Amino acid sequence: MKKPAAPAREFIAPSDLTFGFSTCKRCIWIKYWFSFELKKDFPLVKSLSTFQEEYFRRAPMPALDPSLPAGTVKQWGQWVKSKNILINGVESQWKLRGIYDLLGHYDDGSVGIIDCKVSDSDRDSGDFYAPQLEAYAYTLENPLSGKAFEVQTMGLLVWKLGGVAQTRPNEFASNEMGFGVNQLYIPVARNPERLSALLEEFISVIDGDIPDQGSECHACNYLDGRLKLEN
Ligand code: SF4
4 MKKPAAPARE FIAPSDLTFG FSTCKRCIWI KYWFSFELKK DFPLVKSLST FQEEYFRRAP
64 MPALDPSLPA GTVKQWGQWV KSKNILINGV ESQWKLRGIY DLLGHYDDGS VGIIDCKVSD
124 SDRDSGDFYA PQLEAYAYTL ENPLSGKAFE VQTMGLLVWK LGGVAQTRPN EFASNEMGFG
184 VNQLYIPVAR NPERLSALLE EFISVIDGDI PDQGSECHAC NYLDGRLKLE N
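So the sequence shown is numbered by our numbering: it starts at 4 and just counts up by one.
And the structure:
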């Protein structure tokens, strides 16, 4: 497969730094050069995380976790775009762009990034999502336009489903049953060096030739098997 004259996208999605290389690198290369990808729908996850984000709009930051400094959640669900990414001091053709969940503004003028998760997965550790959060921090500190913000804290706000709970009568419009959650705030340490190394690898992959197909991914194995059957 030959590359077109220019990539189909100029922005790297922070979530691709978490999930993009999880199987093999071929699909991510096709995504950036041809804007062709498998669409995935997560309807229940989306509704639950929207409830979670809406619940904390305008909340004091210490209400999310007592360890957080004084401040307020003032922004949510906004697109952020970075300047061109520098690799070893040289400007690449790629920028970062994504939507953060919640942004807290601290009293000293710095900000805190909160990534909301409704999840029951042990994979949701700070280490797993650290590059994605650091990518948002990079974008806020190196914006394509507008004011830059110093990022003081980053963290995951995890709601783990705890089970069914009966609520007080009339608390919900239609019935009195609900799901309870256990809330956990997981601080994520800043690590710009790790992001730099990951971006360097990511960009060298998408700037190179199309990578080989991996052997572990169910999608290609299914397609290969089906083609064999059909031929
Ligand atoms: S194995 Fe195939 S479907 Fe899976 S990521 Fe690689 S190219 Fe994509």
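Every residue gets a Cβ at the ideal spot worked out from N, C-alpha and C, and that includes glycine. Since this is a predicted model, take the numbers as computed values, not measurements.
I'd like to confirm the pairing. Which residues does DSSP put opposite tryptophan 79 in its beta bridges?
DSSP lists Leu105 as partners of tryptophan 79.
Return no unless some Cβ of chain D is closer than 8 angstroms to the Cβ of glycine 112.
Given the protein chain composition of this structure (a single chain), no chain D is represented.
Which word fits tryptophan 97, buried or exposed, when buried means at least 16 other C-beta atoms lie within 10 angstroms of its C-beta?
By the 16-neighbour rule on beta-carbons within 10 angstroms, tryptophan 97 is buried.
Neighbour-count burial assignment, methionine 180, 16 or more Cβ in a 10 Å radius:
Methionine 180 comes out exposed.
Span of the alpha helix (DSSP H) holding valine 48?
Here the alpha helix (DSSP H) through valine 48 covers 46-58.
Given a cut-off of 8 angstroms, decide if leucine 20 and alanine 138 are closer than it, judged by their beta-carbon atoms.
Note that the C-beta distance between alanine 138 and leucine 20 is below 8 angstroms.
Cutting at 6 angstroms between CB atoms, please list the residues of its own chain near isoleucine 15, excluding the five before and the five after it.
Setting aside the 5 residues that flank it on each side, isoleucine 15 is surrounded in the same chain by Trp97 and Leu99, each with a C-beta closer than 6 angstroms to its C-beta; the list follows chain order.
Of all the alpha helix (DSSP H) runs that stay within the bounds of the region 151-224, which reach a length of 4 or more residues?
Runs of the alpha helix (DSSP H) inside the region 151-224: 195-210.
At a threshold of 7 angstroms, does alanine 222 count as lining ligand 1 (C-beta to nearest heavy atom)?
Result yes, Cβ under 7 angstroms from ligand 1.
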